[in-house]
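Residue numbers (my numbering), protein chains in the order written: chain U, 285 to 700; chain A, 8 to 355.
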């Protein structure tokens, strides 16, 4: 056993796969400790908040102020408030004024502003320009002047008796607060989803559920496949014919069609994550049954099995002690593949709208389904679907790598 | 005609043998088909939930008149025949299905389910058949190449294909969609043709179909390439180490010729592999269709599920099963022609 393990961990493919999978599992265990709470809690009111650090504006005004004089603060402020449309409009103005803008970089705020200060004149009325457009340029110019001027913002409160505004504090452009002194800062590394949920928290919890679904589905499929394969291979004769008849039929009838039929008929209310997992297991055992059977047939007439038979050992004992240990490595590999295909099956089922019921736990498939329903892919909210795809691919990649590694250890003919 | 000569006799024996092989495969096809139909009918009915009650609940939500609800329930009971004994229902179902009659769709009333399916099935076949075949061929070529060249090529290609084959079909579809349709705007975001067009045989319509075809097609191809390449690579390595290759090298047979032999022998398990995995592949591709809102069976099924359109779902699953069965049957037939062992067995 110890020797086998050492051999397995010598296979670089297995080790890489194992490390990826272990990292995913560790994240699943550790992250909830660091960020506790329900993964389905809707913290955001809007949809699809971008990934980043969110600082409470209210608390920031009360945090102790430091004065910092940064020379590029004004430029940054203007650059951030100048939208792409504004920049294009500015260039349009230059073209109307017949200024050469061929070597002007539109993202270079300094150059753009310098040119603007030089050439903008609110009193000029270019031919063919509408009043609205002229007013737009005036507003733009005023906004730019305001940003450059020494303005202060006043924080005011309503007096309860008179209803008048009472000045509480002033904020100048050189006021800074240390983020660590602000009472409420929320880091959302992957933003929020369409319901306003923390995507990373949801993803970690969904990964856990999906792996669990995979493991349950894999266990069910492996148990059924193993039992049928052992019976067919070892007992042979009519039992073999019968089991292979069933297996052949279910190999050809696509499992996901059965999965869809069963899941649909079960109805939304009946479909918990566990139920879905069991149903997936029940529709994907044929592979295991087939290969276990062929392995057992090659073992059936080995000397040690015959010796056991002659010694009068029972069928159960022969299967458990003389056959199972020889196919154990194979069964483990089949199990790993079943886990990976179970996770995928759940995701596809959820995308069809037939996944586990949506109110209890998130799964990777459900997250994907939600992201698609709220068209995250067309409105640019990559954080709602891309991490999910990546996680599914990584889980399945790591499991397949482990499987290939094991295969090379136990099947010397495959070694490179 | 005189005595048949040696050649014709061998030919006759071979056709007889083939007939036996194909007859056996056809028998299997029929048996599986019958089981599939039975499952398609009985599985939903074995479930604890009463589909008619569920449908009535959906249709009658907001209705207060109890007798009206009762009326709706009766109407659907008759439509499905759920008030008759199970075996009668089954016979009715078979009879109707043979006539291509799958009832009326709930969600697209008063369209017949058979109409909806016949307008969708062409899209699915035209998309998936070429995509799966091209993916399979490209994957096998790459895999064989990787096995033959090994160094360097193998190092880069193998991990990439391994990772690619693990991206789910819908994931690949979404990634392609976002990169090439949403960001680069090279291809349209959804549909099978421009939404303002009416299907006809004009040049502009065909062009629109071709443009819409690209992303779904390539997402399916890219997915199948990875898996096939990995399988073909290990198959080819196995064959390259076989004794007959060493012997052929020893005899001084040209490399090119040996590679030809190896490729043919390594292909055989790949054909079987395709036959075994075609169901799974079609399943993944159907979900990819949903992402692109491609007007095929996948989107039809999705529409059925979201609208709780029971007749539509039942008919779609049946048609998909039949498609997979036919594909598997055809692959078995092709396998019979290309596997020398099957050929040899015919002379026993």
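Glycine included, C-beta positions come from ideal geometry on N, C-alpha and C.
Exercise for review: Determine the contact status of residue 233 of chain U and residue 173 of chain A, defining contact as a CB-CB distance below 7 angstroms.
Suggested key: Beyond the ends of chain U as shown, which are 285 and 700, falls residue 233 of chain U; an answer cannot be given.
Practice item. Sort out for me which residues DSSP pairs residue 441 of chain U with in a bridge. Key: Numbered from 1 along the first chain, position 157 holds the residue referred to as residue 441 of chain U. DSSP, once it has assigned bridges, lists U/450 as partnering residue 441 of chain U.
Exercise for review: Answer with yes or no whether the minimum CB distance from residue 635 of chain U to chain A is below 7 angstroms.
Suggested key: Here the question's residue 635 of chain U lines up with position 351 in the first chain. Between residue 635 of chain U and chain A, the shortest Cβ-Cβ separation is below 7 angstroms.
Review point. Alpha carbon to alpha carbon, what distance is there between residue 615 of chain U and residue 483 of chain U?
Key: Taking the first chain and counting its residues from 1, one reaches residue 483 of chain U at position 199. Taking the first chain and counting its residues from 1, one reaches residue 615 of chain U at position 331. The straight-line gap from Cα to Cα measures roughly 36 angstroms.
Practice item. With 9 angstroms as the limit, tell me which residues of the region 507-521 of chain U have their beta carbon closer than that to any beta carbon of chain A; keep them in chain order. Key: Of all residues in the region 507-521 of chain U, none has a Cβ within less than 9 angstroms of some Cβ in chain A.
**Study point:** Outcome for residue 286 of chain A when other beta-carbon atoms lying within 10 angstroms are tallied against a minimum of 16
**Key:** Along the second chain, one-based indexing puts residue 286 of chain A at 279. With 16 or more Cβ atoms within 10 Å of its Cβ, residue 286 of chain A is classed as buried.
Point to revise | Close-in-space but distant-in-sequence residues of the same chain around residue 337 of chain U (CB under 8 angstroms, 5 per side omitted) | key: As a first step, residue 337 of chain U must be located in the first chain, where it is residue number 53. Scanning its chain for C-beta atoms nearer than 8 angstroms, with the 5 sequence neighbours on each side dropped, one finds around residue 337 of chain U the residues 463, 469, 470, 471, 472, in chain order.
Check your understanding: In this structure, does DSSP put residue 662 of chain U in helix, strand or coil?
Key -> For this step, residue 662 of chain U is matched to residue 378 along the first chain. Note: residue 662 of chain U maps to coil in three-state DSSP.
Check your understanding: Since residue 455 of chain U sits in a beta bridge, which residues does DSSP pair it with?
Key -> Start at 1 with the first residue of the first chain, and residue 455 of chain U comes out as number 171. The partner list for residue 455 of chain U (beta bridge, DSSP) reads U/437.
Point to revise | Cβ-based burial, residue 675 of chain U [other Cβ within 10 Å; buried from 16] | key: Here residue 675 of chain U corresponds to residue number 391 of the first chain, with the count starting at 1. By the 10 Å Cβ count, residue 675 of chain U comes out buried.
Point to revise | Proximity to residue 418 of chain U [Cα-Cα], best of U/374, U/345, U/518 | key: Walking along the first chain from the start, residue 418 of chain U turns up at place 134. Residue nearest to residue 418 of chain U within the set U/374, U/345, U/518 is U/374 (criterion: CA-CA distance).
Point to revise | Alpha carbon of residue 627 of chain U to alpha carbon of residue 103 of chain A, nearest angstrom | key: Residue mapping note: residue 627 of chain U aligns to position 343 of the first chain, counting from 1. Residue mapping note: residue 103 of chain A aligns to position 96 of the second chain, counting from 1. Near 37 angstroms, if we compare the C-alpha coordinates of residue 103 of chain A and residue 627 of chain U.
**Study point:** Amino acids of chain U, ordered along the chain, whose beta-carbon sits closer than 7 angstroms to that of residue 142 of chain A
**Key:** The count along the second chain starts at 1 and reaches residue 142 of chain A at position 135. Ordered by position in chain U, no residue passes the 7 angstroms Cβ test against residue 142 of chain A, which lies about 17 angstroms from the chain.
Point to revise | Interface partners of residue 687 of chain U on chain A, CB under 7 angstroms | key: As a first step, residue 687 of chain U must be located in the first chain, where it is residue number 403. Under the 7 angstroms cutoff, chain A gives no residues; its nearest Cβ is about 11 angstroms from residue 687 of chain U.
Review point. Which ranges would you report for the beta strand (DSSP E) in the region 64-149 of chain A if only whole runs of at least 3 residues count?
Key: Runs of the beta strand (DSSP E) inside the region 64-149 of chain A: none found.
Practice item. Pull up the distance between the alpha-carbon of residue 561 of chain U and that of residue 497 of chain U, whole angstroms please. Key: On the first chain, residue 561 of chain U is found 277 positions in, with the first residue counted as 1. On the first chain, residue 497 of chain U is found 213 positions in, with the first residue counted as 1. Within the model, the alpha-carbon separation for residue 561 of chain U versus residue 497 of chain U is close to 5 angstroms.
Check your understanding: If we count Cβ pairs, one from each stretch, closer than 8 angstroms, do we get three or more for the region 114-127 of chain A versus the region 303-313 of chain A?
Key -> With contact defined as three or more Cβ pairs closer than 8 angstroms, the region 114-127 of chain A and the region 303-313 of chain A are in contact.
Review point. Taking the alpha-carbon positions, what's the residue 355 of chain A to residue 30 of chain A distance?
Key: As a first step, residue 355 of chain A is located in the second chain; it is residue number 348 there, counting from the start. As a first step, residue 30 of chain A is located in the second chain; it is residue number 23 there, counting from the start. Residue placement at residue 355 of chain A cannot be trusted, given a pLDDT of 44 that sits under 50; the coordinates are not used to answer.
**Study point:** Euclidean distance between Cα positions of residue 214 of chain A and residue 136 of chain A
**Key:** By 1-based counting over the second chain, the position of residue 214 of chain A is 207. By 1-based counting over the second chain, the position of residue 136 of chain A is 129. Taking the straight line joining both Cα atoms gives about 20 angstroms.
Review point. In chain order, what residues of the same chain lie with their CB nearer than 7 angstroms to the CB of residue 371 of chain A, ignoring the 5 residues before and after it?
Key: There is simply no residue 371 of chain A to check, as chain A begins at 8 and stops at 355 in what is shown.
Exercise for review: Sort A/85, A/232, A/274 by Cα distance to residue 146 of chain A and report the nearest one.
Suggested key: One-based indexing of the second chain puts residue 146 of chain A at position 139. Cα-wise, what sits closest to residue 146 of chain A is A/232.
Exercise for review: Could you round the C-beta distance between residue 535 of chain U and residue 338 of chain A to whole angstroms and report it? I think they count as a contact, below 8 angstroms.
Suggested key: Counted from its first residue, the first chain places residue 535 of chain U at position 251. Counted from its first residue, the second chain places residue 338 of chain A at position 331. Residue 535 of chain U to residue 338 of chain A, Cβ: 13 angstroms. No contact.
Review point. Taking Cβ positions only, does residue 309 of chain A come closer than 7 angstroms to chain U?
Key: As a position in the second chain, residue 309 of chain A is number 302, starting the count at 1. Residue 309 of chain A has a beta carbon lying within less than 7 angstroms of a beta carbon in chain U.
Practice item. Report the residue from A/14, A/15, A/26 whose alpha carbon sits nearest the alpha carbon of residue 340 of chain A. Key: One-based indexing of the second chain puts residue 340 of chain A at position 333. Just measuring C-alpha positions, the residue of A/14, A/15, A/26 sitting nearest residue 340 of chain A is A/26.
Check your understanding: Applying a beta-carbon distance threshold of less than 9 angstroms, which residues of chain A neighbour residue 338 of chain U?
Key -> Taking the first chain and counting its residues from 1, the one referred to as residue 338 of chain U is at position 54. Chain A residues near residue 338 of chain U: none, gap ~25 angstroms exceeds 9 angstroms.
**Study point:** Closer than 7 angstroms to chain A by CB, residue 662 of chain U
**Key:** Numbered from its first residue, the first chain carries residue 662 of chain U at position 378. Yes - at least one Cβ of chain A is within 7 angstroms of the one on residue 662 of chain U.
Point to revise | Cβ of residue 249 of chain A within 7 angstroms of any chain U Cβ | key: By 1-based counting over the second chain, the position of residue 249 of chain A is 242. Using a CB distance cut-off of 7 angstroms, residue 249 of chain A does not count as an interface residue toward chain U.
Practice item. State whether the region 523-535 of chain U contacts the region 618-637 of chain U, with contact taken as three or more CB pairs (one from each stretch) at a distance under 8 angstroms. Key: Judged by Cβ distances under 8 angstroms, the region 523-535 of chain U makes no contact with the region 618-637 of chain U, as fewer than three pairs qualify.
Check your understanding: Going by the beta-carbon positions, is the gap between residue 686 of chain U and residue 620 of chain U smaller than 7 angstroms?
Key -> The sequence position of residue 686 of chain U within the first chain is 402, counting from 1. The sequence position of residue 620 of chain U within the first chain is 336, counting from 1. In contact: residue 686 of chain U and residue 620 of chain U (Cβ atoms closer than 7 angstroms).
Check your understanding: Apart from the five residues on each side of it in sequence, which residues of its chain come closer than 8 angstroms, Cβ to Cβ, to residue 544 of chain U?
Key -> Walking along the first chain from the start, residue 544 of chain U turns up at place 260. Excluding residues within five positions, the ones whose Cβ falls inside 8 angstroms are 633, 636, 638.
**Study point:** Of the residues U/295, U/361, U/286, the one placed nearest residue 691 of chain U, counting alpha carbons only
**Key:** As a working note, residue 691 of chain U is residue 407 in the first chain. When only C-alpha atoms are compared, the closest one is U/295.
Practice item. Assuming residue 240 of chain A and residue 153 of chain A form a contact by the criterion Cβ under 8 angstroms, report the distance between their Cβ atoms to the nearest whole angstrom. Key: Here residue 240 of chain A refers to the residue found at position 233 of the second chain. Here residue 153 of chain A refers to the residue found at position 146 of the second chain. Your pair residue 240 of chain A and residue 153 of chain A checks out as a contact, with CB atoms roughly 5 angstroms apart and the cut at 8 angstroms.
Review point. Is residue 391 of chain U buried or exposed, if buried means 16 or more other CB atoms sit within 10 Å of its CB?
Key: Taking the first chain and counting its residues from 1, the one referred to as residue 391 of chain U is at position 107. So residue 391 of chain U counts as exposed.
Exercise for review: Pull up the distance between the alpha-carbon of residue 454 of chain U and that of residue 442 of chain U, whole angstroms please.
Suggested key: In the first chain, counting from the first residue as 1, residue 454 of chain U sits at position 170. In the first chain, counting from the first residue as 1, residue 442 of chain U sits at position 158. One C-alpha to the other measures close to 15 angstroms.
Point to revise | Reduced DSSP category for residue 157 of chain A - H, G, I as helix; E, B as strand; rest coil | key: Here residue 157 of chain A refers to the residue found at position 150 of the second chain. Coil at residue 157 of chain A, not helix or strand.
Review point. If we ignore side chains and look at the alpha-carbon of each, how far apart do residue 643 of chain U and residue 110 of chain A end up?
Key: Sequence index remark: in the first chain, residue 643 of chain U carries index 359 (1-based). Sequence index remark: in the second chain, residue 110 of chain A carries index 103 (1-based). Across the structure, residue 643 of chain U and residue 110 of chain A are spaced so that their CA atoms are roughly 34 angstroms apart.
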